[in-house]
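Participant: Using this note's numbering, the letters of the sequence shown map in sequence onto residues 141 to 454.
Below are the structure tokens for one structure; questions will follow.
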Amino acid sequence: MNGSRTEQAQAPAPEAALVHPETAGAPAGRWGALGPVGLVLAGCVSVQFGGAVAVSLMPRAGAVGVVTLRLVVAAVVLLVVCRPRLRGHSRADWGTVVAFGIAMGGMNLLFYQAAARIPLGLAVTFEVLGPLALSVIASRRAINLLWAGCALVGVFLLGGAGDGLGGLDPVGVAFAVAAGGAWATYIVFSARTGRRFPQADGLALAMTVAAVLCLPLGLATAGPKLFDPTTIALGSAVALMSSVLPYTLELIALRRLPASTFAVMMSLEPAIAALAGFLVLSQALSWVQAAAIACVIVASMGAVRTQVGRRKKR
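Pasting the structure below:
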């Protein structure tokens with residue numbers, strides 16, 4: 141989504157928000173899943189390294205400008221590829237897709253504001269708390285209190301690693317947590333949109349809504365910088381790496397990969413984001429911060445596995 145996911149209901153959250161219809165009968169054999177697992181990992185790496193490139197672009201166009209470029213380019217690509225049907229939809233359908241687009245735009249704006257202020261890996265870690273909270277609330281099982289506690293330990297470690305929030309910009313942390321809330325909202329409306337629109341039509345339309353909403357903000361804050369050829373090229377790369385490519389890879393993978401495996405793999409994104417931040421942005425983390433990220437990852441995986449187990453018993 142994270143970190144910055146904008147096109148899939150992908151999060152360590154309620155499994156219903158993670159499952160594509162075609163995954164219901166996916167084979168669970170170890171060797172049969174290796175190919176799809178590789179595709180999902182490639183998608184995760186693409187998303188987070190795309191986020192790192194986005195952060196490096198912020199001195200040129202600002203956080204809002206980068207979000208605008210990403211959403212506009214991704215919307216154009218998806219509209220061309222998907223060619224969504226505009227007729228035959230009810231007011232409720234359009235209301236759902238507009239809400240999905242608003243959540244998508246808000247999630248991206250908030251996350252990139254966070255990534256401009258705190259390390260990428262930590263921004264994704266705080267953001268994941270939103271979908272994790274949604275998972276715990278939706279499950280209503282006592283075991284999920286354990287996973288919530290594990291996540292709180294991670295937050296406590298981040299808060300205790302130095303002064304205040306471990307020396308982190310509190311505004312950046314607030315943006316990341318708010319992005320997590322937007323991500324949880326995004327998951328809810330993504331699932332609803334998927335039920336109302338065929339294939340990726342709803343996604344393309346929601347992406348367009350998000351792009352239209354962000355475009356005035358991007359023009360107001362970045363102005364002529366948005367039209368610099370280098371900025372456009374890097375912004376297009378961010379859109380492809382963080383939106384188009386991972387969506388394509390994961391859509392292919394989900395045809396053969398069990399949804400539970402996919403959901404658990406999404407929980408690894410904070411670690412991948414931390415690696416991307418280190419390699420691309422030279423954002424080194426302390427051992428305490430790394431331990432905090434590990435706690436949140438374990439909590440996310442645990443919540444997903446609990447949700448999967450509950451579904452299998454029904």
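Don't be surprised by glycine CBs; every beta carbon is placed ideally from N, CA and C.
Excluding the 5 residues preceding and the 5 following R170 in the sequence, name in chain order all residues of the same chain whose CB lies nearer than 8 Å to its CB.
Facilitator: Within the sequence shown, numbered from 1, the residue matching residue 170 stands at position 30. Because the pLDDT of R170 is 44, which lies under 50, any placement of that residue in the model is unreliable, and the number read from its coordinates should be weighed accordingly. A distance below 8 Å between beta-carbons, with the five flanking residues on each side excluded, links R170 to no residue of its chain.
Participant: So what does DSSP say about P338, is it helix, strand or coil?
Facilitator: Within the sequence shown, the letter at position 198 stands for residue 338. Three-state result, P338: coil.
Participant: Does DSSP classify P199 as helix, strand or coil?
Facilitator: Against the sequence shown, residue 199 aligns to sequence position 59. When DSSP states are grouped into helix, strand and coil, P199 belongs to the helix group.
Participant: Which residue's Cα is closest to the Cα of L345: L181, R227, G183, G294?
Facilitator: The residue given as residue 345 occupies position 205 in the sequence shown. Relative to the Cα of L345, the nearest Cα in the group L181, R227, G183, G294 belongs to R227.
Participant: Any chance the CB of A432 is under 7 Å from a heavy atom of the ligand NAP?
Facilitator: For the structure depicted, the ligand NAP is absent and the ligand set is empty, with no information on it obtainable.
Participant: Measure the Cβ-Cβ separation of A350 and L211 and say whether it is below 8 Å.
Facilitator: Looking up residue 350 in the sequence shown gives position 210. Looking up residue 211 in the sequence shown gives position 71. Yes, they are a contact pair.
Participant: With distances taken Cα to Cα, identify the nearest neighbour of L272 among I258, A291, L397.
Facilitator: Counted from its first residue, the sequence shown places residue 272 at position 132. The option with the nearest alpha carbon to L272 is A291.
Participant: Please state the DSSP three-state secondary structure of S275.
Facilitator: Here residue 275 refers to the residue found at position 135 of the sequence shown. Helix.
Participant: Pop quiz: N284 and T388 are said to be a contact at Cβ under 8 Å. What is the actual Cβ separation, rounded to whole angstroms?
Facilitator: For this step, residue 284 is matched to residue 144 along the sequence shown. For this step, residue 388 is matched to residue 248 along the sequence shown. Their Cβ separation, rounded to whole angstroms, is 33 Å, which puts N284 and T388 out of contact at 8 Å.
Participant: Among residues of its own chain, excluding the 5 on either side of T265, which ones have a beta-carbon nearer than 6 Å to its beta-carbon?
Facilitator: Within the sequence shown, numbered from 1, the residue matching residue 265 stands at position 125. P410, I433, V436, listed in sequence order.
Participant: Please determine, among R336, V185, L380, V207, the residue with the shortest C-alpha to C-alpha distance to G358.
Facilitator: As a position in the sequence shown, residue 358 is number 218, starting the count at 1. Ranking the options by Cα distance to G358, first place goes to V207.
Participant: Could you check if S383 is buried or exposed, using at least 16 other CB atoms within 10 Å of its CB as the buried criterion?
Facilitator: Locating residue 383 in the sequence shown gives position 243, counting from the first residue. By the neighbour-count criterion, in which a residue is buried when 16 or more other Cβ atoms sit within 10 angstroms of its Cβ, S383 is buried.
Participant: To the nearest angstrom, how far is the alpha carbon of S440 from that of A414?
Facilitator: As a position in the sequence shown, residue 440 is number 300, starting the count at 1. As a position in the sequence shown, residue 414 is number 274, starting the count at 1. Their backbone Cα atoms lie some 16 Å apart in a straight line.
Participant: Looking at C-alpha atoms only, which residue of G205, P369, A340 is the closest neighbour of Y252?
Facilitator: Numbered from 1 along the sequence shown, position 112 holds the residue referred to as residue 252. The option with the nearest alpha carbon to Y252 is G205.
Participant: When we look at the beta-carbon of V180 and count the other beta-carbons within 10 Å, is it buried (16 or more) or exposed?
Facilitator: For this step, residue 180 is matched to residue 40 along the sequence shown. The residue in question, V180, is buried, as its Cβ has 16 or more Cβ neighbours within 10 Å.
Participant: Between which two residues does the alpha helix (DSSP H) carrying I242 extend?
Facilitator: Taking the first residue of the sequence shown as position 1, residue 242 is located at position 102. From DSSP, the alpha helix (DSSP H) with I242 extends over 231-255.
Participant: Look up L353 in the DSSP assignment and say whether it is helix, strand or coil.
Facilitator: Mapped onto the sequence shown, residue 353 falls at position 213. Residue state, collapsed to three classes: helix.
Participant: Note down the Cα distance separating D368 from A203, rounded to an integer number of angstroms.
Facilitator: Position 228 of the sequence shown, counted from the first residue, corresponds to residue 368. Position 63 of the sequence shown, counted from the first residue, corresponds to residue 203. Distance between the alpha carbons of D368 and A203 is about 16 Å.
Participant: How many Å lie between V193 and S230 at the Cα?
Facilitator: Within the sequence shown, the letter at position 53 stands for residue 193. Within the sequence shown, the letter at position 90 stands for residue 230. Taking the straight line from one Cα to the other gives about 39 Å.
Participant: Quick one: using the 10 Å Cβ neighbour count with 16 as the cut-off for buried, is L260 buried or exposed?
Facilitator: Indexing the sequence shown from 1 puts residue 260 at position 120. L260 is buried by the Cβ-count criterion.
Participant: Check this for me: beta carbons of A255 and A243, under 8 Å apart or not?
Facilitator: Translated into positions along the sequence shown, residue 255 becomes position 115. Translated into positions along the sequence shown, residue 243 becomes position 103. No; because the gap between Cβ atoms is not below 8 Å, this pair is not in contact.
Participant: Do you know how far the Cα of G363 is from the Cα of M405?
Facilitator: Position 265 of the sequence shown holds residue 405. Position 223 of the sequence shown holds residue 363. If you take the alpha carbons of M405 and G363, they lie about 39 Å apart.
Participant: Here's the rule: buried if 16 or more other CB atoms are within 10 angstroms of the residue's CB, otherwise exposed. What is V311?
Facilitator: Counted from its first residue, the sequence shown places residue 311 at position 171. The residue is exposed, with fewer than 16 neighbouring Cβ atoms inside 10 Å.
Participant: Out of curiosity, what's the CA-to-CA distance linking Q188 and A416?
Facilitator: By one-based count along the sequence shown, residue 188 stands at place 48. By one-based count along the sequence shown, residue 416 stands at place 276. In this model, Q188 and A416 are separated by some 6 Å (Cα to Cα).
Participant: Shorter than 8 Å from the beta carbon of V221 to some beta carbon of chain D?
Facilitator: The structure shown has no chain D; it contains just one protein chain.
Participant: Which residue from V313, G342, L380, Q429 puts its Cα closest to that of L270?
Facilitator: Within the sequence shown, residue 270 is the residue found at index 130, counting from 1. The question names Leu, but residue 270 is Gly in the sequence shown. When only C-alpha atoms are compared, the closest one is V313.
Participant: Residue range of the alpha helix (DSSP H) that V378 falls in?
Facilitator: Taking the sequence shown and counting its residues from 1, one reaches residue 378 at position 238. V378: member of the alpha helix (DSSP H) spanning 369-379, first to last residue.
Participant: For the alpha helix (DSSP H) holding P386, just list the boundary residues, first then last.
Facilitator: By one-based count along the sequence shown, residue 386 stands at place 246. Note, P386: alpha helix (DSSP H), 385-393.
Participant: Please go through the same chain and pick out, in chain order, the residues whose beta-carbon is closer than 6 Å to the beta-carbon of A340, but skip the five residues on each side of it.
Facilitator: Taking the first residue of the sequence shown as position 1, residue 340 is located at position 200. Answer for A340: C222, listed in chain order.
Participant: Write down the C-beta distance between M347 and S186 rounded to the nearest angstrom, noting that I regard them as a contact closer than 8 Å.
Facilitator: Counted from its first residue, the sequence shown places residue 347 at position 207. Counted from its first residue, the sequence shown places residue 186 at position 46. With a Cβ gap of about 17 Å, M347 and S186 do not count as contacting.
Participant: Note down the Cα distance separating S330 from I392, rounded to an integer number of angstroms.
Facilitator: Counted from its first residue, the sequence shown places residue 330 at position 190. Counted from its first residue, the sequence shown places residue 392 at position 252. One Cα belongs to S330, the other to I392, and the distance between them is close to 18 Å.
Participant: Excluding the 5 residues flanking A379 on each side, which residues of the same chain have their C-beta closer than 6 Å to its C-beta?
Facilitator: As a first step, residue 379 must be located in the sequence shown, where it is residue number 239. The residues are R210, V213, A214.
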